[in-house]
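Visitor: Each residue of the sequence shown is one higher than the one before, starting from 21 at the first, in my numbering. For glycine and all other residues, C-beta sits at the position ideal for the given N, C-alpha and C. As the structure is a computational prediction, the values presented were derived from the model and not from experiment.
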Amino acid sequence: MNDESVRIPEMVLVSSNGQKMPALGMGTSASPLEGSEETKTAILQAIEIGHRHFDTATLYLTEEPLGEAIAEALSRGLIKSRDELFITSKLWCSDAHGDLVLPALEKSLRNLQLEHLDLYLIHWPVSSRSGTYEFPINKGDLLPMDFKSVWEAMQECQDLGLTKSIGVSNFSTKKLSDMLASAKIPPAVNQVEINPLWQQKRLREFCKANGIVLTAYAPLGTRGIWGSNRVMENEVLKEIATAKGKSVAQVCLRWAFEQGVCVVVKSFNKGRMKENLEILNWTLSEEESRMIGEIPQSRGCRGEDYISEKGPIKTIEELWDGEI
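1) Look up Met252 in the DSSP assignment and say whether it is helix, strand or coil.
2) What is the DSSP secondary structure of Gly187, reduced to helix, strand or coil?
3) Is it a yes or a no for the stretch 218-235 touching the stretch 276-285, going by three-plus beta-carbon pairs under 8 Å?
4) Thinking C-beta only, is Gly97 closer than 8 Å to His73?
5) List the endpoints of the continuous beta strand (DSSP E) containing Asn37.
6) In chain order, what are the residue ranges of uninterrupted alpha helix (DSSP H) at least 4 long that sit wholly in the stretch 181-242?
7) Can you tell me whether DSSP reads Phe155 as helix, strand or coil?
8) How would you label Ala77, buried or exposed, when you count the other beta carbons within 10 angstroms and need 16 or more for buried?
9) Is the number of C-beta pairs between the stretch 104-111 and the stretch 148-156 that are closer than 8 Å three or more?
10) Return helix, strand or coil for Thr78, following the three-state DSSP convention.
11) Tell me, which residues are paired with Gly45 by DSSP?
12) Can you tell me which of the three DSSP states Glu314 falls into?
13) Comparing alpha-carbon positions, which option in Glu172, Val121, Glu84 and Lys184 lies nearest Thr48?
14) Here's the rule I'm using: 16 or more other beta-carbon atoms within 10 Å means buried, otherwise exposed. How should Pro42 be labelled?
15) Should the stretch 307-316 be regarded as contacting the stretch 256-272, the criterion being three or more beta carbon pairs within less than 8 Å?
So this is what it looks like as C-alpha coordinates:
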(Lines of atoms letter the chains of each structure in order from A; the text may use other names.)
(Lines give C-alpha, C1' and ligand atoms only; values in the text may rest on other atoms or scores of the structure.)
Protein backbone atom coordinates (compact mmCIF):
# COMPACT_ATOMS: atom_id res chain seq x y z
CA MET A 21 0.00 0.00 0.00
CA ASN A 22 1.02 3.64 -0.32
CA ASP A 23 3.23 5.20 2.32
CA GLU A 24 0.78 7.72 3.73
CA SER A 25 3.66 9.73 5.19
CA VAL A 26 4.78 10.70 1.67
CA ARG A 27 3.30 14.09 0.86
CA ILE A 28 4.84 15.40 -2.33
CA PRO A 29 4.42 19.19 -2.67
CA GLU A 30 2.53 20.44 -5.70
CA MET A 31 3.12 23.28 -8.12
CA VAL A 32 0.30 25.39 -9.52
CA LEU A 33 0.13 25.60 -13.32
CA VAL A 34 -0.88 29.21 -13.82
CA SER A 35 -2.22 28.91 -17.38
CA SER A 36 -4.41 25.91 -16.52
CA ASN A 37 -6.94 27.33 -14.06
CA GLY A 38 -4.86 26.38 -11.05
CA GLN A 39 -4.20 22.74 -11.95
CA LYS A 40 -1.61 21.27 -9.59
CA MET A 41 1.39 19.15 -10.59
CA PRO A 42 3.41 17.05 -8.10
CA ALA A 43 6.87 18.58 -7.76
CA LEU A 44 8.57 15.18 -8.00
CA GLY A 45 7.85 12.79 -10.86
CA MET A 46 9.10 9.50 -12.25
CA GLY A 47 10.56 9.47 -15.75
CA THR A 48 10.10 6.46 -18.02
CA SER A 49 12.65 7.12 -20.75
CA ALA A 50 14.62 3.90 -21.15
CA SER A 51 17.80 3.06 -23.02
CA PRO A 52 17.46 1.31 -25.36
CA LEU A 53 14.13 2.95 -26.19
CA GLU A 54 11.90 -0.04 -25.63
CA GLY A 55 8.73 -0.54 -23.59
CA SER A 56 8.77 -3.65 -21.44
CA GLU A 57 7.28 -5.63 -18.59
CA GLU A 58 10.13 -4.21 -16.50
CA THR A 59 8.73 -0.72 -17.07
CA LYS A 60 5.24 -1.75 -15.96
CA THR A 61 6.57 -3.46 -12.82
CA ALA A 62 8.70 -0.44 -11.90
CA ILE A 63 5.76 1.94 -12.31
CA LEU A 64 3.56 -0.25 -10.09
CA GLN A 65 6.28 -0.27 -7.44
CA ALA A 66 6.54 3.52 -7.72
CA ILE A 67 2.80 3.90 -7.21
CA GLU A 68 2.97 1.62 -4.17
CA ILE A 69 5.59 3.77 -2.45
CA GLY A 70 3.86 7.07 -3.18
CA HIS A 71 4.79 8.37 -6.64
CA ARG A 72 1.87 10.04 -8.42
CA HIS A 73 3.50 11.92 -11.31
CA PHE A 74 4.66 9.93 -14.36
CA ASP A 75 6.40 11.28 -17.45
CA THR A 76 6.37 9.49 -20.80
CA ALA A 77 6.53 10.35 -24.52
CA THR A 78 5.71 8.86 -27.89
CA LEU A 79 9.43 8.45 -28.51
CA TYR A 80 10.06 6.48 -25.31
CA LEU A 81 7.72 3.60 -26.27
CA THR A 82 6.64 3.46 -22.62
CA GLU A 83 3.09 4.78 -23.01
CA GLU A 84 1.64 1.27 -23.28
CA PRO A 85 3.34 -0.21 -20.19
CA LEU A 86 2.46 2.94 -18.24
CA GLY A 87 -1.18 2.53 -19.30
CA GLU A 88 -1.12 -1.12 -18.28
CA ALA A 89 0.37 -0.20 -14.91
CA ILE A 90 -2.32 2.43 -14.30
CA ALA A 91 -5.07 -0.07 -15.12
CA GLU A 92 -3.55 -2.67 -12.79
CA ALA A 93 -3.05 -0.12 -10.01
CA LEU A 94 -6.74 0.71 -10.20
CA SER A 95 -7.81 -2.95 -10.24
CA ARG A 96 -5.57 -3.75 -7.25
CA GLY A 97 -6.77 -0.75 -5.28
CA LEU A 98 -3.35 0.91 -5.17
CA ILE A 99 -5.16 4.07 -6.26
CA LYS A 100 -8.87 4.78 -6.01
CA SER A 101 -9.10 6.92 -9.13
CA ARG A 102 -7.11 7.80 -12.22
CA ASP A 103 -7.41 11.41 -11.00
CA GLU A 104 -4.89 10.62 -8.26
CA LEU A 105 -2.20 10.50 -10.97
CA PHE A 106 -0.55 13.24 -13.02
CA ILE A 107 0.37 11.89 -16.48
CA THR A 108 2.58 13.75 -18.96
CA SER A 109 3.33 12.73 -22.54
CA LYS A 110 5.03 14.47 -25.44
CA LEU A 111 4.57 15.19 -29.14
CA TRP A 112 7.46 13.85 -31.21
CA CYS A 113 9.11 15.95 -33.92
CA SER A 114 7.64 14.01 -36.85
CA ASP A 115 4.14 14.76 -35.53
CA ALA A 116 4.95 18.41 -34.84
CA HIS A 117 2.85 19.63 -37.76
CA GLY A 118 -0.44 21.45 -37.30
CA ASP A 119 -2.64 18.72 -38.80
CA LEU A 120 -0.87 15.86 -36.99
CA VAL A 121 -0.95 17.10 -33.38
CA LEU A 122 -4.48 15.98 -32.51
CA PRO A 123 -4.11 12.50 -34.11
CA ALA A 124 -0.80 12.06 -32.26
CA LEU A 125 -2.39 12.89 -28.92
CA GLU A 126 -5.31 10.57 -29.62
CA LYS A 127 -2.84 7.77 -30.36
CA SER A 128 -1.02 8.44 -27.09
CA LEU A 129 -4.31 8.29 -25.20
CA ARG A 130 -5.11 4.92 -26.79
CA ASN A 131 -1.67 3.63 -25.79
CA LEU A 132 -2.22 4.87 -22.24
CA GLN A 133 -5.83 3.66 -22.06
CA LEU A 134 -6.79 7.12 -20.81
CA GLU A 135 -9.43 9.67 -21.73
CA HIS A 136 -7.16 12.63 -21.07
CA LEU A 137 -3.61 13.64 -20.17
CA ASP A 138 -2.73 16.04 -17.41
CA LEU A 139 0.03 17.61 -19.50
CA TYR A 140 1.01 17.38 -23.18
CA LEU A 141 4.35 18.83 -24.28
CA ILE A 142 6.01 19.65 -27.59
CA HIS A 143 9.08 17.44 -27.17
CA TRP A 144 11.57 19.60 -29.12
CA PRO A 145 11.26 23.00 -30.84
CA VAL A 146 11.90 21.48 -34.27
CA SER A 147 9.88 19.35 -36.67
CA SER A 148 10.96 16.44 -38.81
CA ARG A 149 9.56 14.70 -41.85
CA SER A 150 6.16 13.20 -41.01
CA GLY A 151 5.84 9.43 -40.81
CA THR A 152 9.35 8.88 -39.46
CA TYR A 153 10.10 8.00 -35.84
CA GLU A 154 13.86 7.67 -36.10
CA PHE A 155 16.13 8.46 -33.21
CA PRO A 156 18.53 10.14 -33.61
CA ILE A 157 16.78 12.20 -36.27
CA ASN A 158 18.33 12.06 -39.74
CA LYS A 159 19.68 15.54 -40.43
CA GLY A 160 18.03 15.54 -43.83
CA ASP A 161 14.62 15.09 -42.20
CA LEU A 162 14.88 18.18 -39.97
CA LEU A 163 12.44 21.01 -40.62
CA PRO A 164 11.82 24.38 -39.00
CA MET A 165 8.66 24.17 -36.91
CA ASP A 166 5.57 26.15 -37.90
CA PHE A 167 5.04 27.24 -34.30
CA LYS A 168 1.79 29.07 -34.99
CA SER A 169 -0.06 26.07 -36.44
CA VAL A 170 1.46 23.57 -34.00
CA TRP A 171 0.61 25.65 -30.94
CA GLU A 172 -2.90 26.35 -32.24
CA ALA A 173 -3.38 22.58 -32.50
CA MET A 174 -2.01 22.11 -28.96
CA GLN A 175 -4.49 24.73 -27.72
CA GLU A 176 -7.29 22.83 -29.48
CA CYS A 177 -6.25 19.67 -27.62
CA GLN A 178 -6.70 21.51 -24.32
CA ASP A 179 -9.97 23.11 -25.43
CA LEU A 180 -11.30 19.63 -26.30
CA GLY A 181 -10.41 18.35 -22.82
CA LEU A 182 -7.97 15.77 -24.16
CA THR A 183 -5.26 17.29 -21.97
CA LYS A 184 -5.70 19.53 -18.96
CA SER A 185 -2.53 21.51 -19.68
CA ILE A 186 -0.14 22.06 -22.56
CA GLY A 187 3.51 23.03 -22.58
CA VAL A 188 6.87 22.65 -24.24
CA SER A 189 10.23 20.99 -23.74
CA ASN A 190 13.75 22.14 -24.59
CA PHE A 191 12.59 25.69 -25.43
CA SER A 192 14.94 28.67 -25.14
CA THR A 193 13.95 32.03 -23.70
CA LYS A 194 13.70 33.40 -27.24
CA LYS A 195 11.39 30.63 -28.41
CA LEU A 196 9.25 31.12 -25.30
CA SER A 197 9.12 34.89 -25.86
CA ASP A 198 7.95 34.41 -29.43
CA MET A 199 5.27 31.98 -28.29
CA LEU A 200 4.02 34.16 -25.44
CA ALA A 201 3.54 37.06 -27.84
CA SER A 202 0.74 35.27 -29.70
CA ALA A 203 -0.45 32.31 -27.63
CA LYS A 204 -4.08 32.25 -26.50
CA ILE A 205 -3.06 29.70 -23.87
CA PRO A 206 0.50 30.25 -22.62
CA PRO A 207 2.64 27.14 -22.08
CA ALA A 208 2.16 25.91 -18.52
CA VAL A 209 5.48 24.04 -18.38
CA ASN A 210 8.89 24.01 -20.03
CA GLN A 211 10.76 20.72 -19.45
CA VAL A 212 14.53 21.08 -19.89
CA GLU A 213 17.83 19.68 -18.66
CA ILE A 214 18.56 21.14 -15.22
CA ASN A 215 21.10 19.87 -12.71
CA PRO A 216 23.94 21.34 -10.65
CA LEU A 217 26.23 21.30 -13.70
CA TRP A 218 23.66 22.96 -15.98
CA GLN A 219 21.65 25.26 -13.76
CA GLN A 220 19.81 27.33 -16.41
CA LYS A 221 19.72 30.46 -14.25
CA ARG A 222 18.61 32.80 -17.04
CA LEU A 223 15.87 30.45 -18.18
CA ARG A 224 14.72 29.90 -14.58
CA GLU A 225 14.39 33.65 -14.07
CA PHE A 226 12.50 34.09 -17.35
CA CYS A 227 10.04 31.28 -16.64
CA LYS A 228 9.41 32.47 -13.09
CA ALA A 229 8.66 35.98 -14.37
CA ASN A 230 6.21 34.61 -16.94
CA GLY A 231 4.36 32.06 -14.82
CA ILE A 232 5.86 29.01 -16.54
CA VAL A 233 6.80 26.05 -14.36
CA LEU A 234 10.19 24.56 -15.17
CA THR A 235 10.54 20.78 -15.01
CA ALA A 236 14.02 19.28 -14.83
CA TYR A 237 14.95 16.19 -16.77
CA ALA A 238 18.40 14.64 -16.28
CA PRO A 239 18.53 16.09 -12.73
CA LEU A 240 21.30 13.59 -11.93
CA GLY A 241 23.16 14.22 -15.19
CA THR A 242 23.01 12.43 -18.51
CA ARG A 243 24.53 9.03 -17.80
CA GLY A 244 21.35 7.24 -18.85
CA ILE A 245 21.06 9.39 -21.97
CA TRP A 246 24.58 10.00 -23.29
CA GLY A 247 26.76 8.03 -20.88
CA SER A 248 28.13 11.04 -19.02
CA ASN A 249 28.53 10.68 -15.26
CA ARG A 250 29.95 14.17 -14.63
CA VAL A 251 27.24 15.18 -12.15
CA MET A 252 27.41 12.12 -9.91
CA GLU A 253 31.22 12.29 -9.85
CA ASN A 254 31.43 16.00 -9.03
CA GLU A 255 33.64 16.56 -5.98
CA VAL A 256 31.61 19.49 -4.62
CA LEU A 257 28.43 17.42 -4.65
CA LYS A 258 30.25 14.47 -3.08
CA GLU A 259 31.55 16.72 -0.29
CA ILE A 260 28.07 18.06 0.47
CA ALA A 261 26.52 14.58 0.35
CA THR A 262 29.06 13.24 2.83
CA ALA A 263 28.51 16.16 5.21
CA LYS A 264 24.72 15.76 5.05
CA GLY A 265 24.70 11.99 5.30
CA LYS A 266 22.85 11.87 1.99
CA SER A 267 23.57 10.48 -1.46
CA VAL A 268 24.81 12.69 -4.30
CA ALA A 269 21.51 11.96 -6.07
CA GLN A 270 19.54 13.27 -3.10
CA VAL A 271 21.65 16.43 -2.99
CA CYS A 272 20.98 17.04 -6.71
CA LEU A 273 17.24 16.52 -6.34
CA ARG A 274 17.01 18.64 -3.20
CA TRP A 275 18.97 21.45 -4.88
CA ALA A 276 16.57 21.49 -7.86
CA PHE A 277 13.55 21.36 -5.55
CA GLU A 278 14.87 24.37 -3.63
CA GLN A 279 15.16 26.30 -6.91
CA GLY A 280 11.40 25.97 -7.38
CA VAL A 281 11.85 23.42 -10.15
CA CYS A 282 9.73 20.31 -10.66
CA VAL A 283 11.95 17.24 -10.97
CA VAL A 284 11.46 14.16 -13.14
CA VAL A 285 13.92 11.41 -12.30
CA LYS A 286 14.12 7.95 -13.86
CA SER A 287 14.92 4.90 -11.78
CA PHE A 288 13.50 1.41 -12.06
CA ASN A 289 15.17 0.36 -8.80
CA LYS A 290 12.70 0.33 -5.88
CA GLY A 291 15.34 1.28 -3.32
CA ARG A 292 16.42 4.31 -5.32
CA MET A 293 12.79 5.25 -5.95
CA LYS A 294 12.28 5.40 -2.19
CA GLU A 295 15.49 7.39 -1.80
CA ASN A 296 14.24 9.89 -4.39
CA LEU A 297 11.21 10.58 -2.21
CA GLU A 298 13.38 11.19 0.84
CA ILE A 299 14.39 14.73 -0.12
CA LEU A 300 11.46 16.58 1.41
CA ASN A 301 12.29 16.80 5.12
CA TRP A 302 15.73 18.45 5.07
CA THR A 303 17.38 21.46 3.47
CA LEU A 304 20.69 22.61 2.09
CA SER A 305 22.49 25.30 4.05
CA GLU A 306 23.19 28.71 2.53
CA GLU A 307 26.85 27.77 2.23
CA GLU A 308 26.03 24.46 0.50
CA SER A 309 23.72 26.26 -1.93
CA ARG A 310 26.48 28.81 -2.62
CA MET A 311 28.97 26.00 -3.30
CA ILE A 312 26.60 24.39 -5.79
CA GLY A 313 25.91 27.76 -7.41
CA GLU A 314 29.63 28.19 -8.14
CA ILE A 315 30.09 24.84 -9.94
CA PRO A 316 31.37 25.43 -13.52
CA GLN A 317 28.55 24.99 -16.03
CA SER A 318 28.29 22.77 -19.10
CA ARG A 319 25.31 21.16 -20.78
CA GLY A 320 25.03 17.38 -20.94
CA CYS A 321 22.31 17.01 -23.60
CA ARG A 322 23.48 18.73 -26.78
CA GLY A 323 21.62 19.39 -29.99
CA GLU A 324 23.94 17.35 -32.19
CA ASP A 325 23.37 14.27 -30.04
CA TYR A 326 19.85 14.09 -31.42
CA ILE A 327 20.96 14.20 -35.05
CA SER A 328 22.48 11.41 -37.12
CA GLU A 329 25.00 12.29 -39.86
CA LYS A 330 26.14 14.97 -37.44
CA GLY A 331 26.97 18.41 -38.72
CA PRO A 332 28.09 21.49 -36.80
CA ILE A 333 26.08 22.14 -33.67
CA LYS A 334 25.08 25.53 -35.07
CA THR A 335 22.87 23.74 -37.61
CA ILE A 336 20.43 22.47 -35.01
CA GLU A 337 20.93 25.37 -32.60
CA GLU A 338 20.03 27.85 -35.34
CA LEU A 339 16.64 26.15 -35.45
CA TRP A 340 16.44 26.48 -31.67
CA ASP A 341 17.64 30.11 -31.71
CA GLY A 342 20.61 29.42 -29.49
CA GLU A 343 20.63 28.55 -25.81
CA ILE A 344 18.37 25.79 -24.58
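Guide: According to the structure shown:
1) Coil.
2) strand
3) yes
4) no
5) That residue, Asn37, is in no beta strand (DSSP E); it is neither H nor E in DSSP.
6) The stretch 181-242 contains these whole alpha helix (DSSP H) runs: 193-202 and 221-229.
7) coil
8) buried
9) no
10) coil
11) Bridge partners of Gly45: Val284.
12) Correct three-state label for Glu314: coil.
13) Glu84
14) buried
15) With three or more CB-CB distances shorter than 8 Å, the stretch 307-316 counts as touching the stretch 256-272.
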